[in-house]
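Down below is the structure, laid out as structure tokens.
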Amino acid sequence: MKQYMRGNIKNINLWFFIVLLIFSIVSYTLKENVKLGMVEEISVIVLYPLHRSISFLREINLVHKKNLILKKRIAMISLMVQRCNNIKKENEVLRRLFGFKPMKNFDLTPCEIIGKTPGLYNRSLIINGGYEDKIEKNLPVIAMDGLVGKVIETTKKTSEVLTLYNRNSYISALDVRSRVQGIIKWREGRYLNFDDVSLHSDVRIGDTIATSGMGGIYPKGIFIGVVKRIEENPSEIVMTIKVQPFVNFTKLEDVFVIAVSKFATPFLEYNQDMIKTSIRKQFNLFPTIEIRPLCFDLFSFYNKKLFDIQNNKN
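Encoded structure:
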């Protein structure tokens with residue numbers, strides 16, 4: 374087999390040499406003007422397949438590299454999904470353990486934006502969904518990137534949305550990393566304000582700000598924006614924190630209305646006596662020990678105990 378392949382390679386080389394030799398002789402004997410035309414035509418005929426082959430190989434190499442990058446991304450996303458599923462299961466076990474009421478399910482109603490207030494910052498939007506689509510006043514409105522605002526008026530087929538860029542908008546929010554809480558407002562410019570945060574609080578540039586779930590309108594955990602600037606004035610008791618929204622309102626075309634209004638209150642409710650009894654029973658604690666229901670400083674201790682309990686059951 375190898376000898377056969379070597380013979381073919383020798384034949385190809387021989388024919389290639391003969392073609393080059395004929396091409397050289399013809400180009401040398403022809404006149405200058407004829408020579409140029411013939412050379413160009415023969416060059417195109419001979420070199421075009423070679424050029425196409427090289428381009429094809431380059432494209433294959435590029436596709437291969439992109440394929441590797443996409444495979445890596447898929448693997449990372451798959452790993453993240455697995456971790457999220459594990460966290461979800463742990464969260465459900467902990468909620469049952471601490472006596473939390475179950476979270477409400479909610480539906481998203483997709484709507485198109487059919488009107489905006491003029492100007493750089495859209496203080497309100499008109500969407501093509503109304504009470505005919507079960508859209509009610511005070512329902513939260515989100516986009517793919519995060520929070521947009523809430524419904525303030527509805528008709529049969531349309532609704533008005535109060536956006537983050539409205540001075541009448543006040544949203545209870547928190548720093549996802551440090552859990553520091555405050556109020557999201559807008560005064561002027563492209564940034565929102567994260568207000569009512571005491572001086573020297575643990576808020577950093579780059580932190581994500583999300584809804585806190587308090588107030589009965591916005592579900593907990595909807596992303597609002599990222600901290601871009603922090604100012605601390607020793608003469609004041611609060612910090613000045615500027616937040617850039619994740620949603621680009623200048624390019625916003627589609628939104629989703631969350632179909633459950635009074636969302637936040639139920640899934641943060643808990644029965645303190647039930648929690649204390651449950652923790653003492655599961656962790657064999659003495660009755661004299663005082664338990665703070667939401668003292669998550671002991672979270673790692675609870676996790677360890679929960680892991681031991683599950684192993685004993687298995």
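The numbering of the sequence shown is our numbering, which starts it at 374 and goes up by one.
We treat Cβ as the ideally placed atom computed from N, Cα and C, and that holds for glycine.
Quantities reported herein were computed from a predicted structural model and do not represent experimental measurements.
- Annotated as proximal: Ala546 and Ile582, with beta-carbon spacing under 7 Å.
- Of all alpha-carbon atoms in Ser571, Leu512 and Asp627, the one lying nearest the alpha-carbon of Glu605 is that of Ser571.
- Secondary structure note for Ser532: its beta strand (DSSP E) is the uninterrupted segment Ser532 to Thr536.
- Counting along the chain, no beta strand (DSSP E) covers Val549, and no H or E run does either.
- Taking all protein chains shown into account, Leu498 has 16 or more neighbouring C-beta atoms within 10 Å of its C-beta and is therefore buried.
- Secondary structure of Phe479 (DSSP, three-state): coil.
- Pairing Gly588 with Asn511, the inter-Cα distance amounts to about 11 Å.
- Apart from sequence neighbours up to five positions away, the residues of its chain that approach Val599 with a beta-carbon distance below 8 Å are Gly579, Asp580, Thr581, Ile582, Val616, Gln617 and Phe619, ordered along the chain.
- Per the coordinates, the alpha-carbon of Leu535 lies some 22 Å from the alpha-carbon of Asp569.
- Taking C-beta separations shorter than 8 Å and ignoring five residues to either side along the sequence, the partners of Val611 in its chain run Asp568, Asp569, Val570, Ser571 and Leu572, following chain order.
- Under the DSSP assignment, Lys507 falls outside any beta strand (DSSP E); it carries neither an H nor an E label.
- For Lys523, the enclosing beta strand (DSSP E) covers residues Leu520 to Thr527.
- For Leu565, the three-state secondary structure derived from DSSP is strand.
- In this structure the segment 556 to 567 does not touch the segment 451 to 461; the number of beta carbon pairs closer than 8 Å is below three.
- In the DSSP assignment, Thr581 falls within the unbroken beta strand (DSSP E) covering Thr581 to Thr584.
- Taking a C-beta distance under 7 Å as the contact criterion, Asn495 and Phe622 qualify as a contact pair.
- The secondary-structure analysis by DSSP pairs Gln617 across a beta bridge with Val599.
- Listed in chain order, the non-local C-beta contacts of Tyr543 below 7 Å within the same chain comprise Ile556 and Lys558, local neighbours out to five positions each way being set aside.
- Along the segment 440 to 498, the alpha helix (DSSP H) does not occur as any fully enclosed run of 4 or more residues.
- Going by C-alpha positions, Ala448 is about 18 Å away from Ile460.
- Membership of Asp627 in the beta strand (DSSP E) is indicated by the continuous run Asp627 to Ile631.
- For Val514, the uninterrupted beta strand (DSSP E) segment begins and ends at Pro513 to Ile515.
- DSSP places Ser428 in the helix class (H, G or I) of the three-state scheme.
- Between Gly492 and Thr531, the C-beta gap is not smaller than 7 Å, which leaves the two residues out of contact.
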